[in-house]
Each structure stands twice: as C-alpha cells, then as structure tokens.
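**Q** Residue numbers (our numbering): 3 to 128.
My questions all concern the structure below.
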C-alpha cells in the first residue's frame with residue numbers, strides 16, 4: 003500500500019483526502035505490530051499522531067484490533083445514541099458525557115459497547 007500513488011487510490015474510489023490519509027498511515031514509521039505492548043493511552047497517542055487518524059479510530063483500534071477491555075469509543079455516533087437511549091432518556095449527550103458514562107462499566111467497557119450497539123440496533127429502549 004505504501005508504494006501506491008494517491009491517483010491509484012482515487013481511481014479505486016477513494017476521495018483525495020482519504021487517499022492522502024491512507025498513504026500517510028501506510029508510510030508512517032509506526033510499528034503497528036508493536037502497539038500491543040503499549041498502554042491504552044500510549045496506543046491512542048501514537049495513532050492520533052498520524053495525520054488523518056483521530057480519537058474515534060484510536061478507540062476502535064483498541065477495541066477491535068487489540069481487544070482492550072477498557073476501550074470505550076465515546077465518539078462513535080451509534081454508541082452516543084445507545085448510551086443516551088438506555089441511560090439518559092434520549093437526551094442529547096456530549097462525547098465527554100458518554101466517556102464519563104463508560105466509567106460505570108469498568109473494566110468491561112469494550113464488551114459493554116458492543117452489547118449497547120447491538121441492543122440499540124435490535125431493541126427499543128424502555
């Protein structure tokens with residue numbers, strides 16, 4: 003992927019911005035295989051330092067790729083809606099409020115996030 007050109011990626015349907023970010027990740031000096039040895043905060047800081055990667059991506063990387071139990075993708079719109087529906091009566095929540103709400107599930111935030119997302123898609127909150 004690092005050898006690809008931005009033009010090759012746009013021909014495949016990537017936007018210019020997305021192609022730029024994908025190439026930035028592919029060409030970065032980050033040792034992705036070694037990230038599992040770092041703490042959650044260190045992994046997030048490393049990923050966020052790469053242009054185009056933000057907190058949402060870092061949180062989901064922790065959750066899905068590294069299977070970290072405390073990963074809590076508070077900026078994920080689906081999770082925001084699920085937490086709001088199941089715990090706050092549908093009130094609009096900030097990312098900070100969702101992040102804070104995740105503390106109640108410690109140390110199982112990752113598992114809880116998946117159940118909340120599934121529950122929100124399949125059930126109507128009371």
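Note that beta-carbon positions come from the ideal geometry of N, C-alpha and C, so glycine has one too.
Label residue 51 either buried or exposed according to how many other C-beta atoms from any shown protein chain fall within 10 Å of its C-beta, with 16 as the threshold for buried.
**A** Position 49 of the chain shown, counting from 1, holds the residue named residue 51. Exposed: under 16 other Cβ atoms inside 10 Å.
**Q** Are the CB atoms of residue 64 and residue 119 nearer to each other than 9 Å?
**A** Against the chain shown, residue 64 aligns to sequence position 62. Against the chain shown, residue 119 aligns to sequence position 117. The answer is no: Cβ separation not under 9 Å.
**Q** Using beta-carbon positions only, say whether residue 2 and residue 103 come within less than 9 Å of one another.
**A** It is not possible to answer for residue 2, since the shown part of the chain is limited to 3 through 128.
**Q** Going by beta-carbon coordinates alone, are residue 22 and residue 54 separated by less than 9 Å?
**A** As a first step, residue 22 is located in the chain shown; it is residue number 20 there, counting from the start. As a first step, residue 54 is located in the chain shown; it is residue number 52 there, counting from the start. Yes.
**Q** Using alpha carbons as the reference points, say which of 69, 67, 48, 105 lies closest to residue 76.
**A** Within the chain shown, numbered from 1, the residue matching residue 76 stands at position 74. Residue 105 is the option with its Cα nearest to residue 76.
**Q** Who are the Cβ neighbours of residue 71 in its own chain at under 8 Å, not counting the five residues just before and after it?
**A** Along the chain shown, read from residue 1 onward, the residue named residue 71 stands at position 69. Answer for residue 71: 109, 110, 111, 112, 113, listed in chain order.
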